[in-house]
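Colleague: Got a structure for you, questions after.
There are 4 protein chains.
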Amino acid sequence: MYRFNNDYSLTAHPAVLKAISEISGNAYGGYGLDEICGEAAELIKKRIGAPDADVHFLVGGTQTNYTVISASLLPYQSVLCAESGHINVHETGAVEHIGRKITALPHTNGKITAAQVAEAGENFRISDVQEHITEPGMVYISFPTEYGTVYTLQELEALRKACDEYGLVLFIDGARLGYGLAAEGNDVTIRDIARLADVFYIGGTKCGALFGEAVVIRNKRIGHRFRSHIKQNGGMLAKGFLLGVQFRALFTDDLYFTITEQAVAKAMTIKKAFRDKGIKSYIDSPTNQQFVLLTEAQAEEFAKEFVFENEGRTGQDMRISRFCTCWGTTEEEVAALTEAIRRLKK
Amino acid sequence: MYRFNNDYSLTAHPAVLKAISEISGNAYGGYGLDEICGEAAELIKKRIGAPDADVHFLVGGTQTNYTVISASLLPYQSVLCAESGHINVHETGAVEHIGRKITALPHTNGKITAAQVAEAGENFRISDVQEHITEPGMVYISFPTEYGTVYTLQELEALRKACDEYGLVLFIDGARLGYGLAAEGNDVTIRDIARLADVFYIGGTKCGALFGEAVVIRNKRIGHRFRSHIKQNGGMLAKGFLLGVQFRALFTDDLYFTITEQAVAKAMTIKKAFRDKGIKSYIDSPTNQQFVLLTEAQAEEFAKEFVFENEGRTGQDMRISRFCTCWGTTEEEVAALTEAIRRLKK
Amino acid sequence: MYRFNNDYSLTAHPAVLKAISEISGNAYGGYGLDEICGEAAELIKKRIGAPDADVHFLVGGTQTNYTVISASLLPYQSVLCAESGHINVHETGAVEHIGRKITALPHTNGKITAAQVAEAGENFRISDVQEHITEPGMVYISFPTEYGTVYTLQELEALRKACDEYGLVLFIDGARLGYGLAAEGNDVTIRDIARLADVFYIGGTKCGALFGEAVVIRNKRIGHRFRSHIKQNGGMLAKGFLLGVQFRALFTDDLYFTITEQAVAKAMTIKKAFRDKGIKSYIDSPTNQQFVLLTEAQAEEFAKEFVFENEGRTGQDMRISRFCTCWGTTEEEVAALTEAIRRLKK
Amino acid sequence: MYRFNNDYSLTAHPAVLKAISEISGNAYGGYGLDEICGEAAELIKKRIGAPDADVHFLVGGTQTNYTVISASLLPYQSVLCAESGHINVHETGAVEHIGRKITALPHTNGKITAAQVAEAGENFRISDVQEHITEPGMVYISFPTEYGTVYTLQELEALRKACDEYGLVLFIDGARLGYGLAAEGNDVTIRDIARLADVFYIGGTKCGALFGEAVVIRNKRIGHRFRSHIKQNGGMLAKGFLLGVQFRALFTDDLYFTITEQAVAKAMTIKKAFRDKGIKSYIDSPTNQQFVLLTEAQAEEFAKEFVFENEGRTGQDMRISRFCTCWGTTEEEVAALTEAIRRLKK
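Residue numbers (our numbering), protein chains in the order written: chain A, 609 to 954; chain B, 609 to 954; chain C, 609 to 954; chain D, 609 to 954.
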């Protein structure tokens, strides 16, 4: 079976495994206060052009999301996000569990707009009953989104402007950041992300690491005693050096960017194969996740050889199927898939 | 100035004030464990046809809502409600503050349907990733809704059935219950409410009392140590007998029902006056809240003599204006308003 | 039966009831934004010598406690209080329910010291693992304490100094404030309280009102959007004017102070009667709560005529019995009790 | 420098690293639903003699503690633990952050007794004001404790009995379980732990793994939708197979037990060296953590060659110093330390 079901089914990139293996036998300080974490943070700050940023390493995405939100919002504030936002639909209410409200906004292909943010901000500003409603305090977006789409630089700049206008924090979930930056047609750099967000993270789990998310904080208020928030929210790894050593490897010689770029190139090959066959996309994604519409028969045919994800059905009874590449996807796997697409019966 | 802005601007019905005055000088047990609360509970249980119900008295609506939700749901469960639901938009995130998620559903005139509930329940049931999403654990509706509309008996029966099918608790917010039961065309009785809901409350604050909401619990699981939940959520009044004495008065000789019925009759007179004048409703409400569309000039004209609420604007730049009657609205006030409507310039 | 079991078993002082009765028929704005609340706040600010204070009216004590704490502390901060503190032992974990930790300190007769606060502050300051422990962010004390004792001015000044030194907020629970200020030997004025606390409240429920606690905020940070916190925590009464009208009455002609002073005088008469009889106090209380040690036989004898509270036993098998006066305790009741004490068999 | 400062400063036991390395290139299902986790769970269930247990793998201790507590307690319930309990003093208020109260009990060398539990249970049972206080719902102990001591089998049996008598859940934090089971004089087996606890965990982070804690649930109520609690509390690792593969290695050929036993033997050698030198223990610990009392000069002398932890001072101005062995401590390190002890000036 060839696996295209997700981007977290393999251990880690060989360079990451080698880096962990190389420090075996050495002893390091606990809880992320070690020299390797320091070096990894320096590499990241240099690469993103933000020497004054705070960088912290956490284990996973859900944990990172609610920790950042807990550190950023006051009790009466809420976070605006797309209805399809990960925090709204796939984290078992973790944000609400620690006391904060999510206000879900309608989305287009996983994206929300500056106009929506401004409208929410303005509604609060002009409200006669401000104490009866939550104050929008944060905008949460993902780059790329849960549908694999990316914001344009213009869209991000506009979101930033709306956040400034209404006093909101901009938080960018970068669980798949590498794949987003490598997206076909993308005009956003990691330096733009670091310039525009108050806080964001560079996803490791899905981009070459065993696990780990590097949180970058640009807004000093959020950074205040952030380590206390990490600990309180269960995100402080005793052996923090395991996170540092992985990110040090990923940010050496731009490995993080190279391997995610390769994964996106493979996804584009697959996308083209589907398109050439006349199989429609559910959403036009320029990143490593491809959502296509298959008939029942086609899906069953693929299922004999490939593992992929079923994401529900459309009204016309087509299956929405996700095929996902990652840093570890091989040329052979792609060839097998494109070949299968070509010989598919309509 | 004549006040039609809300139904909580007066102290209390004279019979309620008299009842409080009559017990002055008497000493009672604290925290609702007194004989008057007991008598009030008995009167309520008899009137709603539920001798085995648990009745508790809380002070206000927001408090009651999140206390009931806290007592009903496990951490990974969420409450389904209309996007316009009071808990979703007018309680400053109180439900999330104590850790529970609200899943807001699109509504029609403030109402949600059994089909929507079944869809949410089914989506969870068939999900491959149940641990990543919240489990719908409760349906919250208001009777009447925030738009003054009411559910039909058939709609409530269908909601009950959907709740049974998918294991959800049905919670009915009756902050304005009296006005809903007295609605024009309503076919639901308080006995129906008591039969169909797992838990509901009989609003006192807006229906003749100084303050107070009588929670009626039919589902024994929710009732378990409910007093602990009340105390923990700040809803236990030291002088609980003040709540008991008010509800005893309101449930003596059906006072609660009589005075809300009169208020709705007055609202219907006002509704007819608007309609006769050709002024459109924003929503066709059969209860004490009337939402009409006024031009800027009309609204200003009314504002000289009447206090009413501005609820925003429509796309066509009409003002959505709320005129509200209550148990204390006088014939004179209604006459002044209907007269003003009649002489209004178009 | 004569009731000495608590100070919340009667409705309200006649002047308060009259004040409520007098506004019947008038309509007021909702949620505390009415002119009466404004007047009451002005009277309070004048009386406490703090023209720039923020005054808010809430319904009950538990609610007030956790609302103030929610508004004051960040997630990783904790509140220091006596092990016997009301928030620690009699509020069903309400503070923890909204996410904050209480660090309980050993007490002497219900009181904690500046030295204990300084020690906790210093322990955090010098800690190598600050992110693993909560930061003391608030000191909570009650005046009078749960044992009826009061802090001296010197003790309060010292607590203030320790709070300043270590950056803590000082919160004084004044559920029985009137009785504390009237305590035998007390050298603290309400102006001192207002000068030394960051936030405190003037208890109404136990001091002449039907219900209600007047929160006075001196620290602007706590005051920021405090109404949002009130609403979120279920403490915003729709008919807020009911709170205003009661406190306006209580702060007219110093009624609040006069009636609590009378209650304490009566308690001192009772205290003397017990002492003259040779019955020992469990704690030497100068306020309206008297804790005495009775034999089983004595307690049973009293129980025939009087209602009082059983607060447990001592090691020597004596019953700790609480006799409580209030603003409504009559001369006749006191005479009956002192007479019974005198004729008690040893 | 030789490191004796903690038991989490090295990566992982070679067998664990090898196991991870061996699965590189293989793809596995996500979120712990893979065959390796299944195999690891089977090995654990067999070893502990509990074929019907539920086994889940989480990343770290704090996270595990509050996840288990969130899954076990209702909002009005509290957890009893020693004042020195990890959840009470070293987790930044994580338990309170998700809404539950900790009631801290005085301890002896880190341990609490069945009598204390029974007292707390009895106090609640006989209380007249149950709704004003939290109900003890859980006992949390650590094995070994934060001071390195262990409960005897008799003590554990008594705690179990008290929990049964008063309806409490017994939760055993086994972050260092291996070291506890290998303690000098210990008479408790892992089968006893599994028989007596409702829920416990087998710590991996400090006992040979890179990270990871294996939660074993014996009480089906706690196990209900436990995966939802894991996800909600940020403890679900995307690549769960990384946890499974480590515990499979640790529970193959009793590796977990062998390596922790060796670590304790080394600690006993160090303990003896201190004792032979006449240096006193702060606490008589039979496990891998040794707490000794050093003079300032002695501590400085050691600090030249060894890293160890300063845990404060005693009243006599002696330093409490912790020397910790682990699975990775070498004979050479032990020899260097015992030699240094021998030549120490008094």
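Where is the CB? At the ideal position from N, CA and C, for every residue including glycine.
Helix, strand or coil for MET876 (chain D)? Go by DSSP, reduced to three states.
Modeller: Within the fourth sequence, residue 876 (chain D) is the residue found at index 268, counting from 1. Helix, per DSSP.
Colleague: Just list the residues that DSSP pairs GLU909 (chain B) with in beta bridges.
Modeller: By 1-based counting over the second sequence, the position of residue 909 (chain B) is 301. Beta-bridge pairing links GLU909 (chain B) to no other residue.
Colleague: Work out the CA separation of VAL824 (chain D) and ALA723 (chain D) for me, nearest whole Å.
Modeller: Translated into the one-based positions of the fourth sequence, residue 723 (chain D) becomes position 115. Translated into the one-based positions of the fourth sequence, residue 824 (chain D) becomes position 216. Straight-line Cα distance between these residues: approximately 26 Å.
Colleague: Beta carbon of CYS689 (chain B), beta carbon of GLY852 (chain B): below 7 Å?
Modeller: Sequence index remark: in the second sequence, residue 689 (chain B) carries index 81 (1-based). Sequence index remark: in the second sequence, residue 852 (chain B) carries index 244 (1-based). No, these two residues do not count as a Cβ contact at 7 Å.
Colleague: Express the C-alpha separation of PHE819 (chain C) and ASP892 (chain C) in angstroms, rounding to a whole number.
Modeller: Here residue 892 (chain C) corresponds to residue number 284 of the third sequence, with the count starting at 1. Here residue 819 (chain C) corresponds to residue number 211 of the third sequence, with the count starting at 1. Pairing ASP892 (chain C) with PHE819 (chain C), the inter-Cα distance amounts to about 28 Å.
Colleague: Alpha carbons only, please: which of A:PRO752, A:GLU754, A:TYR755, A:GLY729 is nearest the one belonging to PRO744 (chain A)?
Modeller: The sequence position of residue 744 (chain A) within the first sequence is 136, counting from 1. Nearest of A:PRO752, A:GLU754, A:TYR755, A:GLY729 to PRO744 (chain A), Cα basis: A:GLY729.
Colleague: So is GLY701 (chain C) in contact with chain D if we call contact Cβ pairs under 7 Å?
Modeller: Translated into the one-based positions of the third sequence, residue 701 (chain C) becomes position 93. Yes - at least one Cβ of chain D is within 7 Å of the one on GLY701 (chain C).
Colleague: GLN840 (chain B) versus chain D: which residues are under 9 Å apart at the beta carbon?
Modeller: Residue numbering aside, residue 840 (chain B) sits at position 232 when the second sequence is read from its first letter. Per Cβ cutoff of 9 Å: PRO683, TYR684, GLU739, THR742.
Colleague: Could you say if the segment 774–781 of chain A and the segment 711–720 of chain A meet the contact criterion of at least three C-beta pairs nearer than 8 Å?
Modeller: no
Colleague: Does the structure place the segment 619–635 of chain C close enough to the segment 919–928 of chain B that three or more beta carbon pairs sit under 8 Å?
Modeller: no
Colleague: On the DSSP bridge assignment, give the partners of MET746 (chain B) in chain order.
Modeller: The count along the second sequence starts at 1 and reaches residue 746 (chain B) at position 138. Answer by DSSP bridge pairing, in chain order: B:VAL687, B:VAL777.
Colleague: Does LYS888 (chain A) come within less than 7 Å of chain B when only Cβ atoms are used?
Modeller: As a first step, residue 888 (chain A) must be located in the first sequence, where it is residue number 280. Not an interface residue.
Colleague: Looking at the structure shown, is THR961 (chain A) part of a helix, part of a strand, or coil, going by DSSP?
Modeller: Chain A is shown only over 609 to 954; residue 961 (chain A) falls outside these bounds and no answer can be derived.
Colleague: Can you confirm whether GLU704 (chain B), when its beta carbon is compared against all beta carbons of chain A, has any partner nearer than 7 Å?
Modeller: By 1-based counting over the second sequence, the position of residue 704 (chain B) is 96. Cβ-Cβ to chain A under 7 Å: yes for GLU704 (chain B).
Colleague: Does the CB of HIS698 (chain D) have a neighbour CB from chain C at under 7 Å?
Modeller: In the fourth sequence, counting from the first residue as 1, residue 698 (chain D) sits at position 90. Judged by the 7 Å Cβ criterion, HIS698 (chain D) is in contact with chain C.
Colleague: Name the chain C residues whose beta carbon is nearer than 9 Å to that of ARG708 (chain A)?
Modeller: Looking up residue 708 (chain A) in the first sequence gives position 100. Neighbours of ARG708 (chain A) on chain C: none; closest Cβ ~10 Å, over 9 Å.
Colleague: Looking only at its own chain, which residues have a Cβ that is under 8 Å from the Cβ of GLU691 (chain C), when we skip the five neighbours before and after it?
Modeller: To locate residue 691 (chain C), count along the third sequence from 1; it is residue 83. So the list reads VAL697, ALA712, LEU713, PRO714, HIS715, once near-sequence residues are dropped.
Colleague: Tell me the residue span of the alpha helix (DSSP H) that contains GLY729 (chain B).
Modeller: The residue labelled residue 729 (chain B) in the question sits at position 121 within the second sequence. Per DSSP, GLY729 (chain B) belongs to the alpha helix (DSSP H) from 722–733.
Colleague: Rounded to whole angstroms, how far is the Cβ of ARG985 (chain C) from the Cβ of ILE706 (chain C), which I believe are closer than 8 Å?
Modeller: This structure leaves residue 985 (chain C) out entirely; chain C is present only between 609 and 954.
Colleague: Can you tell which of C:ILE830, C:THR868, C:HIS621, C:TYR639 has its C-alpha closest to the C-alpha of LYS839 (chain C)?
Modeller: For this step, residue 839 (chain C) is matched to residue 231 along the third sequence. The shortest Cα separation from LYS839 (chain C) among C:ILE830, C:THR868, C:HIS621, C:TYR639 belongs to C:TYR639.
Colleague: Going by the DSSP bridge assignment, what does GLY811 (chain C) pair with across the sheet?
Modeller: By 1-based counting over the third sequence, the position of residue 811 (chain C) is 203. For GLY811 (chain C), which the question treats as bridged, DSSP gives the partners C:GLU821.
Colleague: List, in order along the chain, the chain D residues whose C-beta lies closer than 7 Å to that of GLN933 (chain A)?
Modeller: Locating residue 933 (chain A) in the first sequence gives position 325, counting from the first residue. A quick correction: the sequence has Thr, not Gln, at residue 933 (chain A). The premise fails here: THR933 (chain A) is roughly 12 Å from chain D at the closest Cβ pair, so nothing lies under 7 Å.
Colleague: Just to check my reading of the structure: THR866 (chain A) and GLY756 (chain A) have Cβ atoms closer than 8 Å, yes? What is that Cβ distance to the nearest angstrom?
Modeller: Counted from its first residue, the first sequence places residue 866 (chain A) at position 258. Counted from its first residue, the first sequence places residue 756 (chain A) at position 148. Contact doesn't hold; Cβ gap of about 20 Å is too wide.
Colleague: Looking only at C-alpha atoms, which of B:GLU821, B:GLY793, B:GLU763 sits nearest to LEU785 (chain B)?
Modeller: For the purposes of this step, residue 785 (chain B) is taken as residue 177 along the second sequence, with counting starting at 1. If we check each option's Cα against that of LEU785 (chain B), B:GLU821 comes out closest.
Colleague: Along chain D, which residues have their Cβ under 8 Å away from the Cβ of ARG611 (chain A)?
Modeller: Residue numbering aside, residue 611 (chain A) sits at position 3 when the first sequence is read from its first letter. Proximity of chain D to ARG611 (chain A) at the Cβ level (cut-off 8 Å) is accounted for by ALA635, in chain order.
Colleague: Evaluate contact between the segment 789–805 of chain D and the segment 826–836 of chain A, counting only Cβ atoms and requiring at least three cross-stretch pairs below 8 Å.
Modeller: no
Colleague: For the candidate residues D:THR946, D:GLY793, D:THR937, whose alpha-carbon lies nearest to that of ASN613 (chain D)?
Modeller: Locating residue 613 (chain D) in the fourth sequence gives position 5, counting from the first residue. If we check each option's Cα against that of ASN613 (chain D), D:THR937 comes out closest.
Colleague: Can you give, in chain order, each stretch of the alpha helix (DSSP H) that sits fully within the segment 623–710 of chain D and has at least 4 residues?
Modeller: 643–656, 669–680, 694–697, 702–705, all fully within the segment 623–710 of chain D.
Colleague: Taking ILE928 (chain C) as part of the beta strand (DSSP E), name the residues at either end of that continuous run.
Modeller: The residue you call residue 928 (chain C) lines up with position 320 of the third sequence. Run containing ILE928 (chain C): 927–932, per the beta strand (DSSP E) assignment.
Colleague: Scan the segment 664–683 of chain B for residues whose Cβ lies nearer than 7 Å to a Cβ of chain D and list them as they occur along the chain.
Modeller: SER678, PRO683
Colleague: If you follow the alpha helix (DSSP H) that ARG829 (chain C) is part of, which residue opens it and which one closes it?
Modeller: Taking the first residue of the third sequence as position 1, residue 829 (chain C) is located at position 221. Looking at the DSSP string, the run of the alpha helix (DSSP H) that includes ARG829 (chain C) is 828–831.
Colleague: Short of 8 Å in beta carbon distance, which residues of its chain neighbour PHE916 (chain D), apart from the five on each side in sequence? Order them along the chain.
Modeller: As a first step, residue 916 (chain D) is located in the fourth sequence; it is residue number 308 there, counting from the start. Around PHE916 (chain D): PHE612, ASN613, PHE910, SER929, ARG930, PHE931, CYS932.
Colleague: Look up ARG611 (chain C) in the DSSP assignment and give the residues it is bridged to.
Modeller: Within the third sequence, residue 611 (chain C) is the residue found at index 3, counting from 1. Bridge partners of ARG611 (chain C): C:VAL915.
Colleague: Does the distance from the C-beta atom of ASN841 (chain A) to that of THR675 (chain A) stay below 7 Å?
Modeller: Along the first sequence, read from residue 1 onward, the residue named residue 841 (chain A) stands at position 233. Along the first sequence, read from residue 1 onward, the residue named residue 675 (chain A) stands at position 67. Taking 7 Å as the Cβ cut-off, ASN841 (chain A) and THR675 (chain A) qualify as a contacting pair.
Colleague: Can you check which of these residues, B:ILE695, B:PRO659, B:LEU764, B:PRO752, is closest to THR721 (chain B) by C-alpha distance?
Modeller: Sequence index remark: in the second sequence, residue 721 (chain B) carries index 113 (1-based). Closest option to THR721 (chain B), Cα to Cα, is B:LEU764.
Colleague: According to the Cβ coordinates, are PHE859 (chain C) and LEU651 (chain C) closer than 7 Å?
Modeller: In the third sequence, the residue the question calls residue 859 (chain C) occupies position 251. In the third sequence, the residue the question calls residue 651 (chain C) occupies position 43. Yes. Within cutoff.
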